[in-house]
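For our numbering, count along the sequence shown from 1 and bump the result up by 167.
First the structure, in the form of structure tokens, and then the observations on it.
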Amino acid sequence: MAEADLFLGIDSCMLHAADLARVPGVGLFGLTRSTTWGFRFGPHRHIDRRSTGDITVAEVLGAMEDLAQQHALNLNLRMSPIALERSAHPDG
């Protein structure tokens with residue numbers, strides 16, 4: 168988990184593992200509340216609805232994109248030299 172660039176998931180042990188590892192994440196909450204069970208330590212976005220079925224794809228993508236853009240510099244710092252080279256020259 169500590170090697171992940173971004174986490175997306177529901178209230179679960181994996182969300183808490185991502186949080187403890189300070190992995191940026193988007194937490195999806197329905198019956199449970201993010202104020203009680205959400206991220207505490209890492210950069211995050213929470214989407215709270217009455218049901219997880221009420222969460223739209225657009226909301227999730229927007230939260231992921233926002234979080235990724237906000238932490239892009241941090242993600243690049245964590246990338247290996249090979250991955251950085253590939254991202255700088257995607258066609259070659």
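A virtual CB, placed ideally from N, CA and C, is assigned to each residue, including glycine.
Worksheet item: How is glycine 205 classed by DSSP in three states: helix, strand or coil?
Response: Residue 205 sits at position 38 when you count from the first residue of the sequence shown. It is coil, neither helix nor strand.
Worksheet item: How many Å lie between leucine 228 and arginine 212 at the Cα?
Response: Position 61 of the sequence shown, counted from the start, is the residue given in the question as residue 228. Position 45 of the sequence shown, counted from the start, is the residue given in the question as residue 212. Approximately 11 Å between the Cα atoms of the pair.
Discussion item. Between which two residues does the alpha helix (DSSP H) holding leucine 234 run?
Written reply: Taking the first residue of the sequence shown as position 1, residue 234 is located at position 67. Residues 224 to 237.
Item to complete: Please check the pair phenylalanine 196 and aspartate 172, which I expect to be a contact at CB under 8 Å, by giving their CB distance rounded to whole angstroms.
Response: The count along the sequence shown starts at 1 and reaches residue 196 at position 29. The count along the sequence shown starts at 1 and reaches residue 172 at position 5. 22 Å between Cβ atoms; not a contact.
Discussion item. Tell me which residues share the same chain as arginine 166 and place their Cβ nearer than 8 Å to its Cβ, disregarding the 5 neighbours each side in the sequence.
Written reply: Residue 166 lies beyond the residue range present for the chain, which begins at 168 and ends at 259; the question has no answer from this structure.
Fill in: Alpha-carbon to alpha-carbon, histidine 238 and methionine 181
Here residue 181 corresponds to residue number 14 of the sequence shown, with the count starting at 1. Here residue 238 corresponds to residue number 71 of the sequence shown, with the count starting at 1. Taking the CA atoms as reference points, methionine 181 sits about 20 Å from histidine 238.
Fill in: Backbone CA spacing between glycine 221 and leucine 198 [nearest angstrom]
By 1-based counting over the sequence shown, the position of residue 221 is 54. By 1-based counting over the sequence shown, the position of residue 198 is 31. Correcting the residue identity first, residue 221 is aspartate in this sequence and not glycine. Going by the C-alpha atoms only, they are around 11 Å apart.
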